[in-house]
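Residue numbers (the UniProt record's numbering): 1 to 336.
A short worksheet on the structure shown next.
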């Protein structure tokens, strides 16, 4: 019985040790899972932010492209209008030159001394008018060329901005791909941690079941101990009958009964300690070993005493004087 209790106690201590070893490991895994979830949340936020920036850049790029197309179309219209105006001006210049030649021919034909002064004045006025017209057309052409150059410069600037936006979008796409890879790795790592956590939880459940089985075994051992206590009470009653039958050994039997009562109280006290140990098992597992050891020694000593009392023959009146009590203190033993 004592060996079985020691074995149960040893197994309980081992289970408790394994459970205490798994508990910090499980807590560490849970901490890692929480940390991974936080990292995944951060990566998700970064990914959302990058996606939002990409969308904004796409919108800006589309707006720039629309503006670019609009400016390009407007530039083409202006250029076409400029070309038409220049062509019109060139036609007018050619027409002016043609009329000028015609006037010169007419003047040369109609040249006479009487009309020379009038002709000269008319030619001067006509030449001045042509110069003014030519200068005016030249100014219009210069203004149109300047506007065309400004339009081309603005178109080139928009083209550069569009290229810069495309480069930024490519960079953001690369960052987005990197974040997606990191997020996938984090998901894989979290899955592995969850699998490890489930394995540890399964082991912990198995340990709890084993602990429950050992507690049931302890309950059975307690019942057996109560049976031993009942047997001790029965032996005490039997000793009381022996005292009545053996009046000549009343004093010594009284001492023996007192010692038996002391042992009985010690057994009861040990039982109380065991009950207290069962209630405070998780907090006082170290004290359990000492109490069970002491109780086992007391029970063995008490069993030996009971066996010796049962085997002891009824003494005759002439042998009473030869009886003496010997043994270690606290444990009575009868010898002839």
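All residues carry an ideal CB built from backbone N, CA and C; glycine is no exception.
These figures come from a predicted structure and were not determined experimentally.
Rounded to whole angstroms, the separation of the alpha carbons of residue 163 and residue 199 is 54 Å. Distance from residue 155 to residue 71 at the Cβ level is roughly 6 Å; contact confirmed, criterion being Cβ atoms closer than 8 Å.
Judged by DSSP in its simplified three-state form, residue 312 adopts coil rather than helix or strand. Around residue 270, the same chain offers 295 as residues with beta carbons nearer than 6 Å, after the five sequence neighbours per side are excluded. Counting C-beta pairs with one atom in each stretch, the segment 28-46 and the segment 171-185 have three or more that are closer than 8 Å, which means they touch. For the pair of segments examined, the segment 143-157 was found not to touch the segment 87-98: the number of CB pairs separated by less than 8 Å stays below three.
Nearest Cα to residue 135 within the set 174, 160, 93, 166: 93.
Residue environment: residue 77 is assigned as exposed (fewer than 16 neighbouring CB atoms within 10 Å of its CB, all protein chains considered). Contact between residue 158 and residue 66 does not hold, since the beta-carbon distance rounds to 10 Å and is not under 8 Å.
The segment 255-263 and the segment 203-216 do not touch, with fewer than 3 CB-CB distances between them shorter than 8 Å.
Within its own chain, the residues whose Cβ lies closer than 6 Å to the Cβ of residue 235, once the five positions on either side in sequence are excluded, are 306, listed in chain order. With a beta-carbon spacing of about 6 Å, residue 266 and residue 298 fall inside the 8 Å limit used to define contacts. Residue environment: residue 34 is assigned as exposed (fewer than 16 neighbouring CB atoms within 10 Å of its CB, all protein chains considered). Residue nearest to residue 85 within the set 38, 137, 58, 73 is 137 (criterion: CA-CA distance). Residue burial is scored here from C-beta neighbours: residue 225 has at least 16 other C-beta atoms within 10 angstroms and is therefore classed as buried. Contact between residue 175 and residue 50 holds: CB atoms are separated by about 6 Å, below the 8 Å threshold. The straight-line gap separating the alpha-carbon atoms of residue 23 and residue 272 is approximately 31 Å. Sequence-distant partners of residue 161 (beyond 5 residues in either direction) whose C-beta falls short of 8 Å from its own C-beta, in its chain, are 64. Its Cα nearest to that of residue 13, the residue 211 stands out among 223, 222, 211, 257.
Taking C-alpha positions only, residue 144 is separated from residue 171 by approximately 41 Å. Separation of residue 32 and residue 300 (C-alpha to C-alpha, rounded to the nearest whole angstrom) is 53 Å.
In this structure, the CA atom of residue 74 is about 18 Å from the CA atom of residue 62. C-alpha of residue 289 to C-alpha of residue 227: approximately 21 Å in a straight line. Taking all protein chains in view, the Cβ of residue 292 is crowded by 16 or more other Cβ atoms within 10 Å, so the residue is classified as buried. Taking 8 Å as the cut-off, the Cβ atoms of residue 190 and residue 36 count as close. With a contact defined as Cβ atoms closer than 8 Å, residue 89 and residue 141 qualify at about 7 Å. A direct Cα-to-Cα measurement between residue 39 and residue 196 gives close to 19 Å.
Distances from the alpha-carbon of residue 130 to those of 148, 147, 101 put 101 closest. Taking residue 177 as reference, the option from 310, 54, 30 with the minimal CA-CA separation is 54.
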